[in-house]
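Under our numbering, the residue at position 30 of the sequence shown is numbered 32, and the numbers go up by one with no gaps. Ideal placement from N, C-alpha and C gives every residue a C-beta, glycine not left out. Each remark here refers to the structure printed beneath this line.
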Amino acid sequence: MLKLGSFTWPNDPERLTVSYSRKLKSQIEENGLWSVENQGRFGRTFVGDGVFYGKEAYDTFSQLAQLLYDGNPLTFEHPMWDEATVLLTDLTVTEEWEDDLLHYRFEMTELPPRV
(Lines of atoms letter the chains of each structure in order from A and count residues from 1; the text may use other names and numbers.)
(Lines give C-alpha, C1' and ligand atoms only; values in the text may rest on other atoms or scores of the structure.)
Protein backbone atom coordinates (compact mmCIF):
# COMPACT_ATOMS: atom_id res chain seq x y z
CA MET A 1 0.00 0.00 0.00
CA LEU A 2 1.09 3.54 -0.73
CA LYS A 3 1.12 6.24 1.93
CA LEU A 4 1.39 10.00 1.70
CA GLY A 5 1.68 11.55 5.14
CA SER A 6 -1.44 10.46 7.05
CA PHE A 7 -3.22 9.32 3.85
CA THR A 8 -3.18 5.65 2.84
CA TRP A 9 -4.47 4.70 -0.60
CA PRO A 10 -7.37 2.21 -0.19
CA ASN A 11 -6.30 0.67 -3.51
CA ASP A 12 -3.04 1.33 -5.32
CA PRO A 13 -2.99 3.71 -8.30
CA GLU A 14 -3.22 2.01 -11.69
CA ARG A 15 -0.01 3.72 -12.85
CA LEU A 16 2.91 5.45 -11.17
CA THR A 17 5.65 7.12 -13.21
CA VAL A 18 8.87 8.18 -11.48
CA SER A 19 11.01 10.71 -13.38
CA TYR A 20 14.62 11.58 -12.67
CA SER A 21 16.25 14.68 -14.14
CA ARG A 22 19.41 16.74 -14.07
CA LYS A 23 19.87 20.45 -14.80
CA LEU A 24 22.47 21.29 -17.44
CA LYS A 25 23.59 24.75 -18.53
CA SER A 26 25.13 25.00 -21.98
CA GLN A 27 26.64 27.93 -23.83
CA ILE A 28 28.51 28.66 -27.04
CA GLU A 29 32.19 29.46 -26.54
CA GLU A 30 34.28 31.94 -28.56
CA ASN A 31 35.90 29.10 -30.55
CA GLY A 32 32.50 28.04 -31.90
CA LEU A 33 32.28 25.00 -29.67
CA TRP A 34 30.08 24.72 -26.62
CA SER A 35 30.47 23.98 -22.97
CA VAL A 36 28.11 22.16 -20.67
CA GLU A 37 27.92 22.70 -16.93
CA ASN A 38 26.30 20.07 -14.74
CA GLN A 39 24.25 21.95 -12.15
CA GLY A 40 23.07 18.88 -10.28
CA ARG A 41 20.03 16.70 -10.13
CA PHE A 42 16.48 17.67 -9.40
CA GLY A 43 14.27 15.72 -7.04
CA ARG A 44 12.22 12.90 -8.49
CA THR A 45 8.77 13.60 -9.84
CA PHE A 46 6.04 11.07 -9.06
CA VAL A 47 2.97 11.07 -11.33
CA GLY A 48 0.17 8.60 -10.73
CA ASP A 49 -3.40 7.93 -11.68
CA GLY A 50 -6.06 5.56 -10.56
CA VAL A 51 -9.64 5.15 -9.44
CA PHE A 52 -11.40 5.58 -6.13
CA TYR A 53 -14.64 3.64 -6.03
CA GLY A 54 -17.39 2.76 -3.63
CA LYS A 55 -19.34 4.79 -1.13
CA GLU A 56 -16.14 6.28 0.31
CA ALA A 57 -14.78 7.53 -3.05
CA TYR A 58 -15.60 11.21 -2.47
CA ASP A 59 -14.39 11.20 1.13
CA THR A 60 -11.17 9.49 0.07
CA PHE A 61 -10.52 12.06 -2.66
CA SER A 62 -11.32 14.89 -0.23
CA GLN A 63 -8.67 13.60 2.19
CA LEU A 64 -6.08 13.65 -0.60
CA ALA A 65 -7.20 17.12 -1.74
CA GLN A 66 -6.79 18.43 1.82
CA LEU A 67 -3.11 17.46 1.70
CA LEU A 68 -2.71 19.62 -1.42
CA TYR A 69 -4.53 22.54 0.25
CA ASP A 70 -2.33 22.27 3.34
CA GLY A 71 0.84 22.59 1.24
CA ASN A 72 3.10 20.88 3.77
CA PRO A 73 6.00 18.53 2.99
CA LEU A 74 4.87 14.92 3.35
CA THR A 75 6.55 11.54 3.53
CA PHE A 76 5.74 9.36 0.52
CA GLU A 77 6.07 5.63 1.21
CA HIS A 78 6.13 3.05 -1.57
CA PRO A 79 7.14 -0.59 -1.10
CA MET A 80 9.54 -0.53 -4.09
CA TRP A 81 11.02 2.99 -3.91
CA ASP A 82 12.99 4.76 -1.22
CA GLU A 83 10.92 6.85 1.15
CA ALA A 84 10.83 10.48 -0.06
CA THR A 85 9.80 13.85 1.34
CA VAL A 86 7.54 15.42 -1.27
CA LEU A 87 5.12 18.22 -2.00
CA LEU A 88 1.81 17.30 -3.60
CA THR A 89 1.79 19.79 -6.51
CA ASP A 90 -1.15 18.76 -8.70
CA LEU A 91 -4.37 16.83 -8.20
CA THR A 92 -7.11 16.26 -10.79
CA VAL A 93 -10.37 14.37 -10.50
CA THR A 94 -12.72 13.16 -13.25
CA GLU A 95 -16.16 12.01 -12.23
CA GLU A 96 -17.74 9.13 -14.14
CA TRP A 97 -21.46 8.84 -14.79
CA GLU A 98 -21.42 5.62 -12.83
CA ASP A 99 -22.13 6.09 -9.15
CA ASP A 100 -19.22 6.24 -6.76
CA LEU A 101 -16.42 6.16 -9.36
CA LEU A 102 -13.74 8.86 -9.42
CA HIS A 103 -10.67 8.82 -11.67
CA TYR A 104 -7.81 10.85 -10.24
CA ARG A 105 -4.33 11.98 -11.23
CA PHE A 106 -1.66 13.35 -8.90
CA GLU A 107 1.82 14.80 -9.18
CA MET A 108 4.40 15.13 -6.41
CA THR A 109 7.90 16.58 -6.41
CA GLU A 110 10.65 15.31 -4.13
CA LEU A 111 12.22 17.89 -1.84
CA PRO A 112 15.96 18.00 -1.16
CA PRO A 113 17.16 16.23 1.99
CA ARG A 114 17.63 18.39 5.06
CA VAL A 115 21.26 19.04 5.83
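Check: If you draw a straight line from the alpha carbon of Leu6 to that of Leu66, how long is it in whole angstroms?
Finding: For the purposes of this step, residue 6 is identified with residue 4 of the sequence shown, where counting begins at 1. For the purposes of this step, residue 66 is identified with residue 64 of the sequence shown, where counting begins at 1. Leu6 and Leu66: Cα-Cα distance of roughly 9 Å.
Next item on the list: Starting from the Cα of Leu18, find the closest Cα among Leu104, Met3, Lys27 and give me that residue.
Entry: The residue labelled residue 18 in the question sits at position 16 within the sequence shown. Nearest to Leu18 by C-alpha distance, out of Leu104, Met3, Lys27, is Met3.
Checklist line | Boundaries of the alpha helix (DSSP H) in which Leu70 is found, first to last residue | finding: On the sequence shown, position 68 is the one that residue 70 refers to. Taken as a continuous stretch (DSSP letters only), the alpha helix (DSSP H) holding Leu70 covers 59-72.
Next item on the list: Any chance you could list the beta strand (DSSP E) runs of at least 3 consecutive residues sitting entirely within the region 78-107, in chain order?
Entry: 86-97
Margin query: So the candidates are His80, Gly56, Arg46; which of them puts its Cα closest to the Cα of Pro114?
Written below: In the sequence shown, counting from the first residue as 1, residue 114 sits at position 112. Of the listed residues, the one whose Cα sits closest to Pro114 is Arg46.
Notebook entry, point to check: In whole angstroms, what is the alpha-carbon distance linking Gly56 and Asp84?
Noted result: The count along the sequence shown starts at 1 and reaches residue 56 at position 54. The count along the sequence shown starts at 1 and reaches residue 84 at position 82. The alpha-carbon atoms of Gly56 and Asp84 are separated by roughly 31 Å.
Checklist line | Reduced DSSP secondary structure (H/G/I, E/B, other) of Arg24 | finding: The count along the sequence shown starts at 1 and reaches residue 24 at position 22. DSSP places Arg24 in strand when its eight states are reduced to three.
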